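**Q** Please find one structure pasted underneath; my questions will follow.
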Amino acid sequence: MEHCPLLQLGVTVLGLALLAYASLSIVRRVFKTLFSRKFQLVKFGEWAVVTGATDGIGKAMAIELAKRGMKVFLVSRNPERLRQTEQDLQSAVPSVKGVKSLAIDFSEGTTESLFQKLDAALQNLDVGILVNNVGISYPHAMFYDELDLHTLDQLINVNVRSTLVTTRVVYPGMVTRKRGAIICVGSGASEIASDPLYCAYSATKAAAESFCRSLQPECASKNILVQCHVPLLVTTKLSKMRKASLMTPSTETYAKSAMAAIENGSMRGPTTISPYCVHRCIIWLSNAVPRKVWEAAYLPRCLSIRKRALKKKEEQAEAKKDM
Numbered sequence: 406m407e408h409c410p411l412l413q414l415g416v417t418v419l420g421l422a423l424l425a426y427a428s429l430s431i432v433r434r435v436f437k438t439l440f441s442r443k444f445q446l447v448k449f450g451e452w453a454v455v456t457g458a459t460d461g462i463g464k465a466m467a468i469e470l471a472k473r474g475m476k477v478f479l480v481s482r483n484p485e486r487l488r489q490t491e492q493d494l495q496s497a498v499p500s501v502k503g504v505k506s507l508a509i510d511f512s513e514g515t516t517e518s519l520f521q522k523l524d525a526a527l528q529n530l531d532v533g534i535l536v537n538n539v540g541i542s543y544p545h546a547m548f549y550d551e552l553d554l555h556t557l558d559q560l561i562n563v564n565v566r567s568t569l570v571t572t573r574v575v576y577p578g579m580v581t582r583k584r585g586a587i588i589c590v591g592s593g594a595s596e597i598a599s600d601p602l603y604c605a606y607s608a609t610k611a612a613a614e615s616f617c618r619s620l621q622p623e624c625a626s627k628n629i630l631v632q633c634h635v636p637l638l639v640t641t642k643l644s645k646m647r648k649a650s651l652m653t654p655s656t657e658t659y660a661k662s663a664m665a666a667i668e669n670g671s672m673r674g675p676t677t678i679s680p681y682c683v684h685r686c687i688i689w690l691s692n693a694v695p696r697k698v699w700e701a702a703y704l705p706r707c708l709s710i711r712k713r714a715l716k717k718k719e720e721q722a723e724a725k726k727d728m
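If you use my numbering, the sequence shown corresponds to residues 406 to 728, in order.
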């Protein structure tokens with residue numbers, strides 16, 4: 406019992422620190438919104454290329470880019486969904502200046518074949534913005550020794566190789582024109598203290614963050630903006646979250662925050678950014694508390710997700726037997 410006052414003091418100090426951080430973030434964002442001059446994204450170039458563009462964050466960002474006067478080039482693996490997304494984009498933004506698309510599966514083929522296909526489609530376009538958004542995660546939370554090699558291969562190809570190859574395709578043109586923006590959609594999973602039962606996914610997203618952080622010094626003198634956005638949960642199929650809340654924004658809300666981060670970005674500013682304010686606070690808190698405290702609170706959540714997923718699999722298997 407004698408330790409209770411000390412514990413209460415620690416919790417109070419931590420709470421006040423979190424409140425101060427959140428307040429400062431809000432004040433800075435309001436100040437930038439009201440007093441800074443937003444960069445017009447069309448000045449980067451005519452076209453914005455968005456990978457993983459048929460759903461979730463990618464689709465929402467493509468729509469926001471079109472609203473800001475960009476022509477949009479959609480990249481995804483499913484031709485039918487690409488055609489539908491083109492129609493959805495034109496309905497959402499009737500004034501869109503141009504829409505093109507390319508069906509490509511980043512989980513298959515050689516690095517050279519992917520490069521050649523992308524290069525052939527993009528070589529004559531004035532690509533001003535690249536959004537490396539395509540990504541996959543685990544089927545559900547699982548221990549690393551439960552992860553099959555096929556899924557591991559896909560995680561590397563889709564989350565890492567796609568970013569490196571697509572950037573390599575558009576980068577020379579940006580260097581020649583001395584303007585452009587390279588945006589990688591990473592994940593807060595690589596920024597929180599730890600992400601157990603999703604360790605390989607976190608590792609692939611950490612690769613995107615490291616890539617951007619190391620690429621920025623090369624790009625700053627060439628007038629190319631480099632950012633790695635690290636969201637936490639957003640209402641997407643990937644996250645399996647359907648209902649928007651303060652902690653889990655809709656893709657539309659998140660995309661608006663992402664656009665603001667790009668418009669207010671600096672060539673020599675921070676590369677790793679969590680555009681949505683609440684996500685920034687959670688990431689900060691996860692690293693502010695002792696790691697053991699974080700894991701004691703977070704690991705049971707991941708174990709619970711795994712347990713529910715395994716139970717659902719068992720029920721589905723039993724249902725098939727009864728058919």
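Here a beta-carbon is modelled for each residue, glycine too, at the ideal position from N, C-alpha and C. All figures in this text were calculated on a predicted structure; none of them were measured in a lab.
Have a look at residue 592 and residue 720 and give me their C-alpha separation to the nearest angstrom.
**A** Position 187 of the sequence shown holds residue 592. Position 315 of the sequence shown holds residue 720. Straight-line Cα distance between these residues: approximately 31 Å.
**Q** Looking at the secondary structure, which residues open and close the beta strand (DSSP E) in which residue 456 lies?
**A** As a working mapping, residue 456 is identified with position 51 in the sequence shown. Start and end: 452 to 456.
**Q** Please check the pair residue 509 and residue 482, which I expect to be a contact at CB under 8 Å, by giving their CB distance rounded to whole angstroms.
**A** Here the question's residue 509 lines up with position 104 in the sequence shown. Here the question's residue 482 lines up with position 77 in the sequence shown. Rounded, the Cβ-Cβ distance is 6 Å, consistent with contact.
**Q** Alpha carbon to alpha carbon, what distance is there between residue 664 and residue 438?
**A** On the sequence shown, position 33 is the one that residue 438 refers to. On the sequence shown, position 259 is the one that residue 664 refers to. Any answer about residue 438 is weak, because its pLDDT of 49 lies below 50 and its placement is not dependable; what the coordinates show is given next. Near 12 Å, if we compare the C-alpha coordinates of residue 664 and residue 438.
**Q** Can you give the Cα-Cα distance for residue 573 and residue 695, rounded to whole angstroms?
**A** Reading the sequence shown from its first residue, position 168 is the one you call residue 573. Reading the sequence shown from its first residue, position 290 is the one you call residue 695. So the two alpha carbons sit approximately 39 Å from each other.
**Q** What beta strand (DSSP E) runs, 3 residues minimum, are completely inside the stretch 514 to 596?
**A** Counting only runs of 3 or more, we get 532 to 537 and 585 to 590.
**Q** If distances are taken between C-alpha atoms only, which option among 476, 479 and 544 comes closest to residue 712?
**A** Position 307 of the sequence shown, counted from the first residue, corresponds to residue 712. Measuring from the Cα of residue 712, the nearest candidate turns out to be 544.
**Q** Sort 488, 449 and 559 by Cα distance to residue 606 and report the nearest one.
**A** Your numbering for residue 606 matches position 201 in the sequence shown. If we check each option's Cα against that of residue 606, 559 comes out closest.
**Q** Can you say whether residue 548 is buried or exposed, counting buried as having 16 or more other CB atoms within 10 angstroms of its CB?
**A** Indexing the sequence shown from 1 puts residue 548 at position 143. Looking at its Cβ environment, which holds fewer than 16 other Cβ atoms inside 10 Å, residue 548 is exposed.
**Q** With distances taken from CA atoms, which of 491, 521, 517 and 533 is nearest residue 475?
**A** Stepping through the sequence shown from its first residue, residue 475 is reached at position 70. If we check each option's Cα against that of residue 475, 533 comes out closest.
**Q** Tell me which same chain residues have a C-beta within less than 8 Å of the C-beta of residue 390, skipping the five on either side of it?
**A** Look at the range of the chain in this structure, 406 to 728, and you will see that residue 390 is not part of it.
**Q** Assign residue 685 to buried or exposed, taking buried as 16 or more other Cβ atoms, counted over all protein chains shown, within 10 Å of its Cβ.
**A** Along the sequence shown, read from residue 1 onward, the residue named residue 685 stands at position 280. It counts as buried.
**Q** Taking residue 651 as the reference, which of 687, 480, 672 and 632 has the closest Cα?
**A** Stepping through the sequence shown from its first residue, residue 651 is reached at position 246. Among 687, 480, 672 and 632, the Cα nearest to that of residue 651 is on 687.
**Q** Would you kindly work out how many angstroms separate the C-alpha atoms of residue 501 and residue 617, rounded to a whole number?
**A** Here residue 501 corresponds to residue number 96 of the sequence shown, with the count starting at 1. Here residue 617 corresponds to residue number 212 of the sequence shown, with the count starting at 1. About 29 Å.
**Q** Just list the residues that DSSP pairs residue 629 with in beta bridges.
**A** Stepping through the sequence shown from its first residue, residue 629 is reached at position 224. Answer is 585.
**Q** Evaluate residue 503 with the Cβ neighbour count: other Cβ atoms within 10 Å of its Cβ, from every protein chain shown; 16 or more gives buried, anything less gives exposed.
**A** Against the sequence shown, residue 503 aligns to sequence position 98. Exposed: under 16 other Cβ atoms inside 10 Å.
**Q** Using 10 angstroms around the beta-carbon of residue 528, count the other beta-carbons present and answer buried if the total reaches 16, otherwise exposed.
**A** Counting from 1 along the sequence shown, the entry for residue 528 is found at position 123. Counting Cβ neighbours within 10 Å, residue 528 comes out exposed, since fewer than 16 surround it.
**Q** Mind the definition here: the stretch 518 to 525 touches the stretch 618 to 632 only if three or more C-beta pairs lie below 8 Å; say whether that holds.
**A** Because the criterion of three Cβ pairs below 8 Å is not met, the stretch 518 to 525 and the stretch 618 to 632 do not touch.
**Q** Whole angstroms are fine: how far does the CA of residue 636 sit from the CA of residue 451?
**A** Within the sequence shown, the letter at position 46 stands for residue 451. Within the sequence shown, the letter at position 231 stands for residue 636. One C-alpha to the other measures close to 27 Å.
**Q** Within 10 angstroms of its Cβ, does residue 551 collect 16 or more other Cβ (buried), or is it exposed?
**A** As a first step, residue 551 is located in the sequence shown; it is residue number 146 there, counting from the start. So residue 551 counts as exposed.
**Q** By the three-class DSSP mapping on this structure, what secondary structure does residue 508 have?
**A** Taking the first residue of the sequence shown as position 1, residue 508 is located at position 103. The answer is strand: DSSP assigns residue 508 an E or B state.
**Q** With a CB to CB cut of under 7 Å and the five nearest residues on each side skipped, what residues in its chain are close to residue 489?
**A** Against the sequence shown, residue 489 aligns to sequence position 84. If we look at residue 489 and ignore the five residues flanking it on each side, it has no Cβ neighbours.
**Q** Compare the Cα-Cα distances from residue 514 to each of 566, 485, 714 and 494 and report the closest residue.
**A** As a working note, residue 514 is residue 109 in the sequence shown. Of the listed residues, the one whose Cα sits closest to residue 514 is 566.
**Q** Mark residue 459 as exposed unless 16 or more other C-beta atoms lie within 10 angstroms of its C-beta, in which case mark it buried.
**A** Looking up residue 459 in the sequence shown gives position 54. By the neighbour-count rule (16 or more Cβ atoms within 10 Å), residue 459 is buried.
**Q** By DSSP, does residue 449 sit in helix, in strand, or in coil?
**A** If you number the sequence shown from 1, residue 449 lands on position 44. Residue state, collapsed to three classes: helix.
**Q** State the CB to CB distance for the pair residue 709 and residue 699, rounded to an integer number of angstroms; the pair is presumed to be in contact (CB under 8 Å).
**A** Locating residue 709 in the sequence shown gives position 304, where the first residue counts as 1. Locating residue 699 in the sequence shown gives position 294, where the first residue counts as 1. Wrong, their Cβ atoms sit about 16 Å apart, outside the cutoff.
**Q** Thinking C-beta only, is residue 487 closer than 7 Å to residue 479?
**A** Within the sequence shown, numbered from 1, the residue matching residue 479 stands at position 74. Within the sequence shown, numbered from 1, the residue matching residue 487 stands at position 82. Cβ distance < 7 Å, so residue 479 and residue 487 count as in contact.
**Q** Looking only at C-alpha atoms, which of 580, 507 and 600 sits nearest to residue 697?
**A** On the sequence shown, residue 697 is found 292 positions in, with the first residue counted as 1. Of the listed residues, the one whose Cα sits closest to residue 697 is 600.
**Q** Residues in its own chain within less than 7 Å of residue 673 by CB, not counting five upstream and five downstream?
**A** For the purposes of this step, residue 673 is taken as residue 268 along the sequence shown, with counting starting at 1. Once the five neighbours on either side are set aside, the close Cβ partners of residue 673 are 625.
**Q** Confirm, please, whether the CB-CB distance from residue 538 to residue 457 is below 7 Å.
**A** Taking the first residue of the sequence shown as position 1, residue 457 is located at position 52. Taking the first residue of the sequence shown as position 1, residue 538 is located at position 133. Result yes, Cβ atoms of residue 457 and residue 538 sit closer than 7 Å.
**Q** Only counting the same chain, and skipping five residues up and downstream in sequence, which positions put a Cβ closer than 7 Å to that of residue 568?
**A** The residue labelled residue 568 in the question sits at position 163 within the sequence shown. The answer, listed in chain order, is 537, 589, 613 and 616.
**Q** Using CA atoms only, rank isn't needed, just tell me which of 446, 492 and 454 is closest to residue 472.
**A** Stepping through the sequence shown from its first residue, residue 472 is reached at position 67. Of 446, 492 and 454, the residue nearest in Cα terms is 446.
**Q** Using DSSP with H/G/I as helix, E/B as strand and the rest coil, what is residue 616?
**A** In the sequence shown, counting from the first residue as 1, residue 616 sits at position 211. Here residue 616 sits in helix by DSSP.
**Q** My output table needs one value for residue 476: the three-state DSSP class, helix, strand or coil.
**A** By one-based count along the sequence shown, residue 476 stands at place 71. Reduced to three states, the DSSP call for residue 476 is strand.
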